[in-house]
Ligand code: ATP
Ligand code: MG
């Protein structure tokens, strides 16, 4: 038997309604803020990710699915969505039509160690906003994320964390200071952190190991070393969030794993997910468009992990049944008439499951139960002689005979009113 690749999962029909819910709410809510959907390719030139995400990041160093195509070009499955969107922005000269607001959804690929909430093919919904440089955009984007998550009923378990990563001007001296401090602590840090000191020192702050966290408790904070422009940006962002009544926590240890971020970084974490607790992550990347060869344009974006949202939703959501009517048939005449009656009822907009595999009335009624249909219909020789169908209300347990020709409209009216 051939199975799925490790860290890669089917999304089964019992789960897809939750995924569709996540996507439908994204379409509706992001639309309220002026975002339109973009669909970029699942694979790109490897160079795009190396340049946009950063050659020294875990993603590019260790996690990409990279292959040579038959023409010899090095291609990679996308590990994240921002690089492609920025490529599109530059390729289509979108700087002429600012602001440009897009959202995307779909699979991403990273060769990581699979665990609960961490897969090799996973899915993100994300947004990117190009043009505005000020903290107003940051605040509105966070308001949108929180509105989306609140609309899904998830706000209770969620915390919005914010930080500032400064800009190239203030980060460079801070980085030197941090490296100097980390060198004095090197003996107390884990091996990963030791390796990161020179290459990606900010990432050390983000280490999840208890020992490293304790060691770093008094490490210098970016927030204490922001230049005036970055400090103003951060303080205005907090003022806007206060005005909006959006609770947040300042977390000076939160840094993003990707090189391209500057100034505002944010994350939404959940108390309900264990170790893989980040549901959404994002931040400003004002330098990326220019770095990718475009006309310098500030931008901010975020991405949410759909698997993690589904894990949270699974606990808190019960979805309504997708079947309105189960149609049980007896005998060949019943089956033939049922095929037509089911069509007539669907034409009224209802979802009908027609029994397609024979069986006794008893076994069919069991199937009707399992389908969670509101109504079960029974159609056999007796009913056909009389031009009627038996309609059983599965919630009330009552049944009645309805004329064949009237059944579709009769059922549609009842279903429209609700149980
Ligand atoms: P983490 O700290 O969990 O590794 P990250 O910093 O790598 O996350 P981003 O690259 O910013 O995360 O991606 C945004 C979101 O996508 C994460 O907050 C998470 O919800 C989700 N995500 C990232 N990697 C995975 C994965 N391998 N499997 C499932 N979801 C993921
Ligand atoms: Mg990661």
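In the numbering used here, the protein residues as written are 1 to 419.
Beta carbons are placed, not taken as given, at the ideal position from N, Cα and C, and that holds for glycine.
Distance between residue j and residue i (C-alpha atoms, nearest Å)
i	j	result
residue 219	residue 178	7 Å
residue 393	residue 374	6 Å
residue 40	residue 123	14 Å
residue 155	residue 279	12 Å
residue 118	residue 7	8 Å
residue 391	residue 311	38 Å
residue 182	residue 24	46 Å
residue 185	residue 158	33 Å
residue 103	residue 151	18 Å
residue 414	residue 153	29 Å
residue 216	residue 322	52 Å
residue 170	residue 225	7 Å
residue 203	residue 209	13 Å
residue 29	residue 384	49 Å
residue 67	residue 254	33 Å
residue 333	residue 380	7 Å
residue 112	residue 330	54 Å
residue 194	residue 221	19 Å
residue 407	residue 389	8 Å
residue 16	residue 127	22 Å
residue 172	residue 2	51 Å
Beta bridge counterpart(s) of residue i as assigned by DSSP
i	result
residue 84	In DSSP, residue 84 forms no bridge with anything.
residue 403	388
residue 164	264
residue 34	None; residue 34 has no bridge partner.
residue 304	125 and 280
residue 159	269
residue 327	354 and 377
residue 299	130
residue 97	Per DSSP, none; premise fails for residue 97.
residue 250	162
residue 58	For residue 58, which the question treats as bridged, DSSP gives no partner whatsoever.
residue 393	375
residue 115	118
residue 43	77
Any non-hydrogen atom of the ligand PLP closer than 7 Å to residue i Cβ
i	result
residue 128	The ligand PLP is absent from the structure shown, which contains only the ligand ATP and the ligand MG.
Residue i CB to nearest heavy atom of the ligand ATP below 7 Å
i	result
residue 279	yes
residue 199	no
residue 209	no
residue 256	yes
residue 304	yes
residue 80	yes
residue 343	no
residue 112	yes
residue 118	yes
residue 263	no
residue 308	yes
residue 276	yes
residue 398	no
residue 253	no
residue 122	yes
Supposed contact pair residue j and residue i - C-beta distance, whole angstroms, cut 8 Å
i	j	result
residue 262	residue 166	7 Å
residue 9	residue 295	About 41 Å; that fails the 8 Å criterion.
residue 325	residue 411	6 Å
residue 79	residue 49	6 Å
residue 143	residue 244	5 Å
residue 292	residue 86	5 Å
residue 260	residue 54	7 Å
Enclosing beta strand (DSSP E) for residue i [first to last residue]
i	result
residue 377	375-379
residue 127	121-130
residue 107	100-109
residue 323	Counting along the chain, residue 323 falls outside any beta strand (DSSP E), and DSSP gives it neither H nor E.
residue 67	66-68
residue 76	74-77
Residue span of the alpha helix (DSSP H) that contains residue i, given as start and end
i	result
residue 292	No alpha helix (DSSP H) holds residue 292; DSSP gives it neither H nor E.
residue 148	135-151
residue 47	46-52
residue 234	228-244
residue 213	210-216
residue 204	201-204
residue 366	361-371
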